[in-house]
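Participant: Quick note: to get my numbering, add 400 to the position in the sequence shown (first position is 1).
The C-beta atom is built at its ideal place from N, Cα and C for all residues, glycine as well.
Take this structure first; my questions come after.
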Amino acid sequence: MKEHYVLALDQGTTSSRAILFNKSGVVIGVRQIPFNQVFPKPGWVEHDPEEIWESQLKAAHGAIEAAQIEADQITAIGITNQRETTLVWDRATGKPVYNAIVWQCRRSAEICQELRALGLSEMVREKTGLVLDPYFSGTKLMWLFNEVPGLRARAERGELMFGTVDTWLIYRLTGEHKTDPTNASRTLLFNIKDGCWDKELLKQFNIPEAILPKVQPSSSNFGITGKELFGVEIPVTGCAGDQQAALFGHACFEPGMAKNTYGTGCFTLMNTGAFPVRSEHNLLTTVAWDLGKGYTYALEGSVFIAGAVIQWLRDQMGLISDAAESEKLARSVEDSGEVFLVPAFVGMGAPYWDSDVRGTVVGITRGTTKAHFVRAALESIAYQSRDLLVAMEKDFGRPISCIKADGGASLNNFLMQFQADILDRRVILPEVGETTALGAAYLAGLKVGYWENLKEVELNWRKKREFNPEMAADRRDKLLECWEKAVSSARSYH
């Protein structure tokens, strides 16, 4: 009898990945396909929707080939995705009407300012758990309606479909126009308490409801793949935004459990249970997942530039040839030589939410070397994450005992040790590093009975490595004082 597996489609900001998992949560096949980044203007970021789809389908076939299995051995498909990225396509033809506007894109900053001037900030915060920032999908959609002639009229006539990347993939896989609450809750249009698209917000933003997808639980039936795609029909039964999927993949099922994903951006989420916790420290309140029995909520903080600063060192600055070299250079010096880099290339996320601030370097002297600069860049990731976690602890009312870490930059041992030191908390890495994709697989597999319950999922989580704080308190305090001054310098220069 053939073994069966679950396929996770992990559609990220710079690449599309597909991973096959077995019952133990072990990877048996993986394929990753990079795709192009489009930068039409400073602060603008776009993707070609067709390239997203084609790279994701190619990755899926590649994972099946790598695992040396047949498509009929796939029990279910789960989707996880870059969130907030905004797509609109023609309902009749399925063709995109514009490039995907990526979550990093700042083009709707002026729209956000106008909405804040109208006094909508508090209503948005109360209904959605979010802040009025270009990061989220709703103002990107408003920008499209304002700038592309005839688009709003077409939407009002029901001719167009809007979706985040999960919705686009579900549509291309199954023909269905659907999403889940984790992605819907990132649009500025979804009421996270009532669990529906909010009519008052739609009216204020002048967005027709006809363009929006159906919202259903993260672990539910989203449709069946067309037979022409894999040669067999496969149910799509799991869907969650990448950060919520990672929280689920880490088995953070109890309130107070937290994870940090070190990807292109850096994202910290804490499970807060069945009730949304309003942040008093500029964090977001969001839906963690919905298993069909009511929402689980989370607090979230987002660093816009994390692993992307390593890419910048390599591709734009030419200071390293690959990501692994950054760790070697950082270890070659005792410290950053009092150099602090604030990588606010597209503004700063939580807890600052300053879309105008730009990247800043302070403390450079004649003695500053490439190694100091690279070390400062790596340390900036840990400093930003620490800012989020401190705010999160204050909102939740008790300290976090440890952080479960994942993402590409979590493979950098220097960064993980510095994170433990500057945070003064344990940092734990899982044995299976593909936590985001694993979360999507779990959501899909639970729906079809591949995994029986959360306890079975929890038993799959195994520790690979643990980093414990080693830094002296007085040194930590001095470094944090300098970091705070660097952030103040960056925010004062615009």
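Indicate whether S679 and D795 have their beta-carbon atoms separated by less than 7 Å.
Facilitator: Here residue 679 corresponds to residue number 279 of the sequence shown, with the count starting at 1. Here residue 795 corresponds to residue number 395 of the sequence shown, with the count starting at 1. Yes, the Cβ-Cβ distance between S679 and D795 is below 7 Å.
Participant: Quick one: what's F796 bridged to in DSSP?
Facilitator: Translated into positions along the sequence shown, residue 796 becomes position 396. DSSP output for F796 lists no bridge partner at all.
Participant: State the Cα-Cα distance for the pair A873 and Q817, rounded to the nearest angstrom.
Facilitator: The residue you call residue 873 lines up with position 473 of the sequence shown. The residue you call residue 817 lines up with position 417 of the sequence shown. Their backbone Cα atoms lie some 15 Å apart in a straight line.
Participant: For L843, which residues does DSSP report across the bridge?
Facilitator: Within the sequence shown, the letter at position 443 stands for residue 843. Paired residue(s): none; L843 is not in a bridge.
Participant: Any beta carbon from chain B within less than 7 Å of A706's own beta carbon?
Facilitator: This model lacks chain B altogether, as it is built from one protein chain only.
Participant: Just the Cα atoms here: how many angstroms apart are A750 and R552?
Facilitator: As a first step, residue 750 must be located in the sequence shown, where it is residue number 350. As a first step, residue 552 must be located in the sequence shown, where it is residue number 152. Those two C-alpha atoms are separated by around 32 Å.
Participant: If you compare alpha carbons, which of S892, D756, D824 and M871 is closest to P534?
Facilitator: For the purposes of this step, residue 534 is taken as residue 134 along the sequence shown, with counting starting at 1. Of the candidates S892, D756, D824 and M871, the one whose C-alpha sits nearest the C-alpha of P534 is D756.
Participant: Using the Cα positions of S521 and V677, report the straight-line distance between them to the nearest angstrom.
Facilitator: As a working mapping, residue 521 is identified with position 121 in the sequence shown. As a working mapping, residue 677 is identified with position 277 in the sequence shown. For S521 and V677, the distance between alpha carbons rounds to 17 Å.
Participant: Need the endpoints of the beta strand (DSSP E) that T685 sits in, please.
Facilitator: As a position in the sequence shown, residue 685 is number 285, starting the count at 1. Residues L684 to D690.
Participant: Across the region 502–521 and the region 456–474, are there enough close Cβ pairs to call them in contact, namely three or more that are closer than 8 Å?
Facilitator: No, the region 502–521 does not touch the region 456–474.
Participant: Does DSSP put C652 in a helix, a strand or coil?
Facilitator: By 1-based counting over the sequence shown, the position of residue 652 is 252. Note: C652 maps to coil in three-state DSSP.
Participant: Should E484 and F439 be called a contact, given that it needs their Cβ atoms to be closer than 7 Å?
Facilitator: For the purposes of this step, residue 484 is taken as residue 84 along the sequence shown, with counting starting at 1. For the purposes of this step, residue 439 is taken as residue 39 along the sequence shown, with counting starting at 1. Result no, Cβ atoms of E484 and F439 do not sit closer than 7 Å.
Participant: Check whether the region 568–579 touches the region 604–616, counting contact only when three or more Cβ pairs, one atom from each stretch, lie closer than 8 Å.
Facilitator: Touching, yes, given that three or more Cβ pairs across the two stretches are closer than 8 Å.
Participant: According to the Cβ coordinates, are V524 and W753 closer than 7 Å?
Facilitator: For this step, residue 524 is matched to residue 124 along the sequence shown. For this step, residue 753 is matched to residue 353 along the sequence shown. It is not a contact, given that the beta carbons lie outside the stated cut-off.
Participant: How big is the Cα-Cα spacing for S645 and G767?
Facilitator: Translated into the one-based positions of the sequence shown, residue 645 becomes position 245. Translated into the one-based positions of the sequence shown, residue 767 becomes position 367. It is Ala, not Ser, that sits at residue 645 in the sequence shown. In a straight line, the C-alpha of A645 is about 44 Å away from that of G767.
Participant: Kindly indicate which residue of N591, G538, I611 and S585 has the alpha-carbon position closest to the one of E556.
Facilitator: Residue numbering aside, residue 556 sits at position 156 when the sequence shown is read from its first letter. For E556, the nearest C-alpha among the options comes from I611.
Participant: Let me know if Q643 comes out buried or exposed under the rule of 16 or more other beta-carbons within 10 Å of its beta-carbon.
Facilitator: Locating residue 643 in the sequence shown gives position 243, where the first residue counts as 1. Looking at its Cβ environment, which holds 16 or more other Cβ atoms inside 10 Å, Q643 is buried.
Participant: What residue range is occupied by the uninterrupted alpha helix (DSSP H) comprising S888?
Facilitator: Here the question's residue 888 lines up with position 488 in the sequence shown. Per DSSP, S888 belongs to the alpha helix (DSSP H) from A873 to S892.
Participant: So who's on the other strand from Y850, going by DSSP bridges?
Facilitator: For the purposes of this step, residue 850 is identified with residue 450 of the sequence shown, where counting begins at 1. Y850 is not bridged to any residue.
Participant: Would you please state the rounded distance, in angstroms, between the beta carbons of I428 and A467? I believe it to be under 8 Å.
Facilitator: On the sequence shown, position 28 is the one that residue 428 refers to. On the sequence shown, position 67 is the one that residue 467 refers to. That belief holds up - the Cβ atoms of I428 and A467 are roughly 5 Å apart, short of 8 Å.
Participant: With 16 as the cutoff for other CB atoms within 10 Å, does R731 come out buried or exposed?
Facilitator: Residue 731 sits at position 331 when you count from the first residue of the sequence shown. It counts as exposed.
Participant: Just to confirm the assignment, what range does the beta strand (DSSP E) spanning M670 have?
Facilitator: What you label residue 670 is simply residue 270 of the sequence shown in a count that begins at 1. Run containing M670: C666 to G673, per the beta strand (DSSP E) assignment.
Participant: Taking the DSSP output, what are the residues bridged to P434?
Facilitator: Within the sequence shown, the letter at position 34 stands for residue 434. Its beta-bridge partners are S415.
Participant: From the DSSP secondary-structure annotation, give me the bridge partner or partners of M748.
Facilitator: Here residue 748 refers to the residue found at position 348 of the sequence shown. The partner list for M748 (beta bridge, DSSP) reads D754.
Participant: Under the three-state reduction of DSSP, which class applies to H577: helix, strand or coil?
Facilitator: Indexing the sequence shown from 1 puts residue 577 at position 177. DSSP places H577 in coil when its eight states are reduced to three.
Participant: Mapping the DSSP letters down to three states, classify P496 as helix, strand or coil.
Facilitator: Translated into positions along the sequence shown, residue 496 becomes position 96. Strand at P496.
Participant: Can we say the region 830–850 touches the region 645–659, given the rule of at least three CB pairs closer than 8 Å?
Facilitator: The region 830–850 vs the region 645–659: in contact.
Participant: Determine which residues share a DSSP beta bridge with G638 and list them.
Facilitator: Your numbering for residue 638 matches position 238 in the sequence shown. G478 and S619, per the DSSP bridge assignment.
Participant: Inspect the CB distances between the region 659–674 and the region 771–780 and report whether three or more fall short of 8 Å.
Facilitator: They do not touch, by the three-pair rule.
Participant: Taking 8 Å as the cut-off, does the region 729–749 touch the region 691–711 (at least 3 CB pairs, one atom from each stretch)?
Facilitator: With a cut-off of 8 Å, the region 729–749 and the region 691–711 count as touching, because enough Cβ pairs lie within range.
Participant: Considering only the beta carbon of each residue, do R507 and W453 sit closer than 7 Å?
Facilitator: As a first step, residue 507 must be located in the sequence shown, where it is residue number 107. As a first step, residue 453 must be located in the sequence shown, where it is residue number 53. Against a cut-off of 7 Å, the Cβ pair of W453 and R507 comes out as no contact.
Participant: Is DSSP giving G737 helix, strand or coil here?
Facilitator: Numbered from its first residue, the sequence shown carries residue 737 at position 337. The answer is coil: DSSP assigns G737 none of H, G, I, E or B.
Participant: Within the continuous beta strand (DSSP E) that includes M561, where are the two ends?
Facilitator: As a working note, residue 561 is residue 161 in the sequence shown. Per DSSP, M561 belongs to the beta strand (DSSP E) from L560 to G563.
Participant: Could you have a look at E446 and say whether DSSP puts it in helix, strand or coil?
Facilitator: For the purposes of this step, residue 446 is taken as the residue at position 46 of the sequence shown. Three-state result, E446: strand.
Participant: Start and end of the alpha helix (DSSP H) containing R865?
Facilitator: Position 465 of the sequence shown holds residue 865. Note, R865: premise wrong, no alpha helix (DSSP H); beta strand (DSSP E) at K863 to F867.
Participant: Could you check where the beta strand (DSSP E) with L515 kicks off and where it finishes?
Facilitator: Walking along the sequence shown from the start, residue 515 turns up at place 115. Counting along the chain, L515 falls outside any beta strand (DSSP E), though it belongs to the alpha helix (DSSP H) covering A509 to A517.
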